[in-house]
Each structure stands twice: as structure tokens, then as C-alpha cells.
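According to numbering that gives the first Met the number 0, the stretch in the sequence shown is residues 0 to 147, in order. Just so it is clear, CB atoms sit at the ideal spot from N, CA and C, and this is done for glycine as well. Right, one structure below, let's go through it.
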Amino acid sequence: MNRNGLNVGDKVIAMWNQADVERQWGMLQYAESKREEGNEMRAAFNFYARQLSFADEYVLTAPKDKRKEMIRNDALPSLLLNQFLTAIDDAVAEVAYQVRLKQPEEVDVTDVVTLVNEAHEACENWFSLIPSQDAEEAVAAVMLKDAK
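See the structure below:
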């Protein structure tokens with residue numbers, strides 16, 4: 000329908016662009032599924048986020064001033080999730096590095112503790128975006144399902 004008013008040349012270009020967008024989307028989904036295979040936390044968060052998708056676009060329903068604050072503070076759900084996953088990946092890499100040192104007296108866990116704290120904070124911030132009523136309704140639905 001978006002192409003109805005276009006001439007034939009523009010319609011062909013629009014179709015090529017659409018095909019390219021769909022190809023790239025498929026490639027991104029494939030790459031993400033491969034990343035999920037090696038990272039259970041990524042898989043769990045992605046699964047949860049997919050269950051929350053009810054439309055083709057992301058709509059932030061917070062008041063205007065809250066939206067601006069969230070954007071300024073990198074507090075959007077996808078950014079918080081990326082912060083969490085990056086901190087976890089960095090912590091895993093740091094632990095692997097420290098293990099390779101093989102000298103217990105040389106092990107410094109300061110960076111690992113900092114990264115785990117960053118991951119915890121991002122995770123807490125991500126879950127804080129879920130209204131408590133939604134969480135209560137989800138728990139009630141699971142309890143009802145388990146009772147059957």
C-alpha cells in the first residue's frame with residue numbers, strides 16, 4: 000500500500016530496499032540465536048522480551064519528561080539489557096584472565112566485583128521498568144496454571 004503512488008522504477012527500488020531490510024533482519028536474528036547458544040542469560044532475557052512483544056514497534060508509554068530522562072540516562076530496556084550482558088561478558092573474560100595467571104597471590108578480583116555490580120545494577124534497573132501489578136498478575140497466572 001505504501002508503494003501505490005510510486006512510479007514503476009521507484010516501486011522496484013522500494014521492493015529491493017524491503018528485501019534487503021528483511022535479509023538483514025534475518026541475518027541479525029540468526030547471529031543473535033548463535034549468541035544465545037553460548038549465553039544462557041542472553042537467551043533468558045531475550046525469551047522474556049519476546050514474550051512482551053505485542054506489536055511491530057517499540058512504544059515507550061511513560062510521560063514525556065520521564066521518557067526524556069530515560070533516554071538521557073540510557074535507561075531504555077534494550078540499553079539496560081545490553082549493559083547487563085556486556086558487564087556479564089566482561090566479568091567472564093576477566094575471570095578467565097585471572098585464572099590464567101595461575102598465581103593465587105596475583106589474582107585481583109576488584110574488576111570482577113565491579114563488573115558484577117554493574118550487571119546487577121543494570122538488571123535491577125531493567126526489572127524496575129516492569130510495573131509491580133504486571134508481575135503480580137504474571138505470578139497469579141502461573142500459580143493458577145500450576146494448580147490445574
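- C-alpha of Val141 to C-alpha of Arg2: approximately 45 Å in a straight line.
- By the Cβ criterion, the segment 89-98 is not in contact with the segment 124-135, since fewer than three pairs of Cβ atoms, one from each stretch, lie closer than 8 Å.
- Sequence-distant partners of Phe83 (beyond 5 residues in either direction) whose C-beta falls short of 7 Å from its own C-beta, in its chain, are Ala118, Ala121, Cys122, Trp125.
- With a contact defined as Cβ atoms closer than 8 Å, Asn45 and Glu35 qualify at about 6 Å.
- Of the candidates Ala48, Gln102, Gln97, Asp107, Ala48 places its Cα closest to the Cα of Pro76.
- Taking C-alpha positions only, Asn6 is separated from Leu143 by approximately 56 Å.
- When the five nearest sequence neighbours on each side are left out, the beta carbons in the same chain lying within less than 7 Å of the beta carbon of Ile87 are those of Met40, Ala118, in order along the chain.
- Following the DSSP letters along the chain, one finds Arg22 inside the alpha helix (DSSP H) bounded by residues 7-36.
- Asp9 and Thr109 have their alpha carbons spaced roughly 58 Å apart.
- Bounds of any alpha helix (DSSP H) do not take in Ile129, whose DSSP letter is neither H nor E.
- Counting the other CB atoms within 10 Å of its CB gives Leu100 a total below 16, which places it among the exposed residues.
- Ser32 and Ala134 have their C-alpha atoms spaced approximately 27 Å apart.
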